[in-house]
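Asker: Below is one structure. I have some questions about it.
Numbering (the working numbering), first residue to last: 239 to 698.
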C-alpha cells in the first residue's frame with residue numbers, strides 16, 4: 239500500500255523517472271498513428287485504450303509500493319513495456335490472418351453474440367466472448383485482439399507480484415521487480431502484442447489461482463483455476479499441483495469442486511446463447527486430435543533431440559513421452575503426500591516450475607507457445623529467489639528462440655551432427671537444463687533443514 243514518504247519528498251531522480259516513463263508512454267503515439275488500418279479517430283481510440291491499460295498497470299503496481307518514490311521509479315519499465323507493445327500492434331501473424339480475423343468476421347456478419355451458437359473456430363467459449371464483443375467496435379479487430387491480450391499481460395504481472403510477495407520478507411522490492419519483469423518478458427510481449435495470441439489470459443489466471451492457494455484462499459484458487467482451464471487446455475500442465483496442495487493439507491477436498499464450478503460459470507453464457515454443450519465440451523477433444531503425425535511442433539521438447547525428418551514409430555514415441563510425464567506428475571503427488579510437512583510456499587513454487595517445464599517437455603505434439611507458463615513461473619521464481627535466475631534465463635531463451643522460429647519463418651540455430659540435422663537441439667538443451675535445475679532445487683527444498691531456514695527467512 240502506497241504510504242506518505244517518511245522524512246523527505248521524492249528526489250529528482252524519482253521525479254525524472256516518472257517523467258521519463260510518461261514520455262515513453264506518450265511516445266507510443268508515434269507507432270500508433272502510423273498504424274496501417276483505421277481512421278485517425280480509430281487510432282486515437284487505440285491510444286486511449288492503451289493509455290487506460292498503462293494506467294491500470296501503474297495502479298496495480300503502485301498499490302503495493304511502500305512510498306511514492308518507488309511508484310515513480312516504476313513508471314520507466316511500465317512506460318517502456320507499453321511503448322514496445324505499441325511497436326508491434328501492426329504486425330499480422332499467420333494465426334491472425336488465417337484464423338482470428340476470420341472468426342471475428344463471422345461474428346460481425348451474424349449479429350455478434352447472437353452467433354455464439356455457431357461452430358466458430360477451435361477456441362473455447364470464454365475467448366469467443368471477447369471476439370464477439372470486438373465485432374461491435376469500429377476499430378480494427380487486429381488491434382482490439384491484441385489489446386485484450388495486453389490487458390491480461392497486466393493481470394499476469396499482478397499475479398506474479400502476488401506470488402512473489404507471498405515468498406519474500408516484508409518491505410522487499412522483489413514483488414515490484416517481478417511485476418516489471420513479467421511486463422517486459424520478451425515472450426510475453428511477443429505472444430500478445432505481436433503474435434495476437436491469448437496465452438496471457440490463462441497464464442494470468444493460473445498465477446492468481448496459485449497465489450490464492452498459497453494465501454490460504456482455497457475456494458477462490460480452484461474457481462479461478464477452473465476459469466483458466468475454460469480459456470486454454472494448456473492449464474492442464476499445472477492442474478496436478480492442486481492435487482499436491484490437497485495431499486499436503488493446503489486445500490480441503492471440498493474446495494477442489496471450485497474447479498468445475500469455475501469452468502461451468504465460464505461456459506454458462508455460451509449455453510444461454512444457444513451453443514450446444516457438446517460443442518463446448520468437444521473443443522479440447524478436437525484440439526488433442528489436431529496435428530497427430532508429428533511428435534513436435536517447433537517446441538523445445540525432448541522430441542527436438544530427434545534429427546530433422548526422423549522416421550520412427552510415432553505411436554511408441556508418443557506413449558513413452560506421455561508415460562514419462564505421468565511418472566513426473568505422480569512423483570510430485572507422492573511428495574505432496576509423504577512429505578507434506580515440508581511443502582512450504584517456496585517448495586510449492588518450485589514444484590510449479592517443475593510441472594510447467596517438465597510436462598510440456600516430455601509430452602508429444604507440443605507447440606512453440608506451450609511453455610508460456612514455464613516462462614512466467616520461472617521468472618517469478620527467480621524474482622523471489624535470485625539464485626534461480628539461470629533457470630529462468632534458460633527457459634526464456636529457449637522459448638524466445640522457438641517464438642522467433644515461427645515469427646521469422648526459419649529456424650534460429652540449425653546444427654549438423656554426425657550426418658544428421660537438428661533444427662531445435664539448442665532450444666531443447668536449454669529447456670532440459672532448466673528442468674534439471676528446477677528438479678534439483680525441489681529436492682533441495684524438500685530437505686527438512688532447507689524448509690526450516692526458508693520459513694525463517696520469509697518471516698524475518
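The C-beta atom is built at its ideal place from N, Cα and C for all residues, glycine as well.
Since this is a predicted model, take the numbers as computed values, not measurements.
Whole angstroms are fine: how far does the CA of residue 537 sit from the CA of residue 674?
Answerer: For the purposes of this step, residue 674 is taken as residue 436 along the chain shown, with counting starting at 1. For the purposes of this step, residue 537 is taken as residue 299 along the chain shown, with counting starting at 1. Taking the straight line from one Cα to the other gives about 18 Å.
Asker: Taking 6 Å as the cut-off, is the beta-carbon of residue 620 closer than that to any non-hydrogen atom of the ligand NAP?
Answerer: The ligand content of the structure shown is nil, which means the ligand NAP is not present either.
Asker: By the DSSP assignment, the beta strand (DSSP E) with residue 660 in it spans what residues?
Answerer: Looking up residue 660 in the chain shown gives position 422. Where residue 660 is concerned, the enclosing beta strand (DSSP E) stretches over 658-660.
Asker: Would you call the CB atoms of residue 417 and residue 449 closer than 7 Å?
Answerer: Position 179 of the chain shown, counting from 1, holds the residue named residue 417. Position 211 of the chain shown, counting from 1, holds the residue named residue 449. No, the pair does not count as a contact, with Cβ atoms beyond the cut-off.
Asker: If you reduce the DSSP assignment to three classes, tell me which class residue 604 lands in.
Answerer: Start at 1 with the first residue of the chain shown, and residue 604 comes out as number 366. Residue state, collapsed to three classes: strand.
Asker: With three or more C-beta pairs closer than 8 Å as the rule, is the region 561-577 touching the region 595-606?
Answerer: They touch, by the three-pair rule.
Asker: Since residue 535 sits in a beta bridge, which residues does DSSP pair it with?
Answerer: As a working note, residue 535 is residue 297 in the chain shown. Residue 535 pairs with 605.
Asker: Quick check on residue 648: does DSSP put it in helix, strand or coil?
Answerer: What you label residue 648 is simply residue 410 of the chain shown in a count that begins at 1. Reduced to three states, the DSSP call for residue 648 is coil.
Asker: Indicate whether residue 640 and residue 615 have their beta-carbon atoms separated by less than 7 Å.
Answerer: Position 402 of the chain shown holds residue 640. Position 377 of the chain shown holds residue 615. No, these two residues do not count as a Cβ contact at 7 Å.
Asker: Going by Cα to Cα distance, which pick from 635, 623, 286 and 625 is closest to residue 610?
Answerer: Locating residue 610 in the chain shown gives position 372, where the first residue counts as 1. The option with the nearest alpha carbon to residue 610 is 635.
Asker: Does the Cβ of residue 308 have 16 or more other Cβ atoms within 10 Å, making it buried, or fewer, making it exposed?
Answerer: Here residue 308 is taken as the residue at index 70 of the chain shown, counted from 1. Buried is the call here.
Asker: Is the Cβ-Cβ distance between residue 683 and residue 588 less than 7 Å?
Answerer: Sequence index remark: in the chain shown, residue 683 carries index 445 (1-based). Sequence index remark: in the chain shown, residue 588 carries index 350 (1-based). Cβ atoms of residue 683 and residue 588: closer than 7 Å.
Asker: Does the region 291-311 come into contact with the region 334-345, if we say contact requires no fewer than three beta-carbon pairs (one atom in each stretch) closer than 8 Å?
Answerer: Short answer: they don't touch.
Asker: Can you look up residue 653 in the DSSP assignment and give me helix, strand or coil?
Answerer: Numbered from 1 along the chain shown, position 415 holds the residue referred to as residue 653. Here residue 653 sits in strand by DSSP.
Asker: Within its chain, find whatever has a CB closer than 6 Å to the CB of residue 274; leave out the 5 residues flanking it on each side and keep chain order.
Answerer: What you label residue 274 is simply residue 36 of the chain shown in a count that begins at 1. Cβ neighbours of residue 274 beyond the five flanking positions: 328.
Asker: In the DSSP assignment, find the unbroken alpha helix (DSSP H) run with residue 425 in it and report its ends.
Answerer: For the purposes of this step, residue 425 is taken as the residue at position 187 of the chain shown. Where residue 425 is concerned, the enclosing alpha helix (DSSP H) stretches over 424-427.
Asker: Hey, how far is the Cα of residue 584 from the Cα of residue 302?
Answerer: Within the chain shown, residue 584 is the residue found at index 346, counting from 1. Within the chain shown, residue 302 is the residue found at index 64, counting from 1. Roughly 21 Å between the two C-alpha positions.
Asker: Quick one: Cα of residue 347 to Cα of residue 517, how far?
Answerer: Position 109 of the chain shown, counted from the first residue, corresponds to residue 347. Position 279 of the chain shown, counted from the first residue, corresponds to residue 517. One C-alpha to the other measures close to 21 Å.
Asker: Taking contact to mean at least 3 C-beta pairs separated by less than 8 Å, is the region 284-294 in contact with the region 262-273?
Answerer: They touch, by the three-pair rule.
Asker: Could you tell me the alpha carbon to alpha carbon distance between residue 679 and residue 604, rounded to whole angstroms?
Answerer: Along the chain shown, one-based indexing puts residue 679 at 441. Along the chain shown, one-based indexing puts residue 604 at 366. The straight-line gap from Cα to Cα measures roughly 25 Å.
Asker: Grouping DSSP H, G and I as helix and E and B as strand, with all else coil, what is residue 585?
Answerer: Looking up residue 585 in the chain shown gives position 347. The answer is helix: DSSP assigns residue 585 an H, G or I state.
Asker: On the three-pair Cβ rule with 8 Å, is the region 490-498 touching the region 618-638?
Answerer: The answer is no - the region 618-638 does not touch the region 490-498, with fewer than three Cβ pairs under 8 Å.
Asker: Could you work out which residue in 312, 424 and 483 is closest to residue 572 when comparing CA atoms only?
Answerer: For the purposes of this step, residue 572 is identified with residue 334 of the chain shown, where counting begins at 1. Considering only alpha carbons, the answer is 483.
Asker: For the region 323-353, list the alpha helix (DSSP H) runs that are entirely contained and at least 4 residues long, ordered along the chain.
Answerer: Taking only runs of at least 4 residues, the alpha helix (DSSP H) segments lying wholly in the region 323-353 are 339-347.
Asker: Excluding sequence positions up to five away, which residues of its chain have a Cβ less than 6 Å from the Cβ of residue 601?
Answerer: Counting from 1 along the chain shown, the entry for residue 601 is found at position 363. Closer than 6 Å at Cβ, skipping near neighbours: 559 and 563.
Asker: Round the Cβ separation of residue 319 and residue 422 to the nearest angstrom and send it over; I've been treating them as touching at under 8 Å.
Answerer: Within the chain shown, the letter at position 81 stands for residue 319. Within the chain shown, the letter at position 184 stands for residue 422. That pair is a contact at about 5 Å.
Asker: Measuring only the C-alpha atoms, how far is residue 644 from residue 430?
Answerer: Against the chain shown, residue 644 aligns to sequence position 406. Against the chain shown, residue 430 aligns to sequence position 192. Roughly 14 Å separates the two Cα atoms.
Asker: Once the 5 residues before and after residue 350 are set aside, which same chain residues still bring their CB inside 6 Å of it?
Answerer: As a first step, residue 350 is located in the chain shown; it is residue number 112 there, counting from the start. Around residue 350: 370, 373 and 374.
Asker: Reducing DSSP to helix, strand and coil, say where residue 643 ends up.
Answerer: Here residue 643 corresponds to residue number 405 of the chain shown, with the count starting at 1. If DSSP states are grouped into helix, strand and coil, residue 643 belongs with the helices.
Asker: Candidates 267, 357, 665 and 253: which alpha carbon is nearest residue 535's?
Answerer: Position 297 of the chain shown, counting from 1, holds the residue named residue 535. Among 267, 357, 665 and 253, the Cα nearest to that of residue 535 belongs to 665.
Asker: Distance check for residue 472 and residue 459, CA to CA, integer angstroms please.
Answerer: Indexing the chain shown from 1 puts residue 459 at position 221. Indexing the chain shown from 1 puts residue 472 at position 234. Rounded to the nearest angstrom, the two C-alpha atoms are 17 Å apart.
Asker: Taking 7 Å as the threshold (C-beta atoms), are residue 390 and residue 442 in contact?
Answerer: Numbered from 1 along the chain shown, position 204 holds the residue referred to as residue 442. Numbered from 1 along the chain shown, position 152 holds the residue referred to as residue 390. Yes, Cβ-Cβ distance for residue 442 and residue 390 is below 7 Å.
Asker: From residue 451 to residue 638, what distance separates their C-alpha atoms?
Answerer: Walking along the chain shown from the start, residue 451 turns up at place 213. Walking along the chain shown from the start, residue 638 turns up at place 400. For residue 451 and residue 638, the distance between alpha carbons rounds to 29 Å.
Asker: Sorted by chain position, which residues of the same chain lie with C-beta nearer than 6 Å to residue 317's C-beta, five sequence neighbours on each side aside?
Answerer: Along the chain shown, one-based indexing puts residue 317 at 79. Taken in chain order, the residues that qualify are 259, 262 and 263.
Asker: Measuring straight from C-alpha to C-alpha, what distance separates residue 433 and residue 647?
Answerer: The residue labelled residue 433 in the question sits at position 195 within the chain shown. The residue labelled residue 647 in the question sits at position 409 within the chain shown. Taking the straight line from one Cα to the other gives about 13 Å.
Asker: Out of 311, 676 and 388, state which residue places its alpha-carbon closest to the alpha-carbon of residue 324.
Answerer: Position 86 of the chain shown, counted from the first residue, corresponds to residue 324. Out of 311, 676 and 388, 388 has the C-alpha closest to the C-alpha of residue 324.
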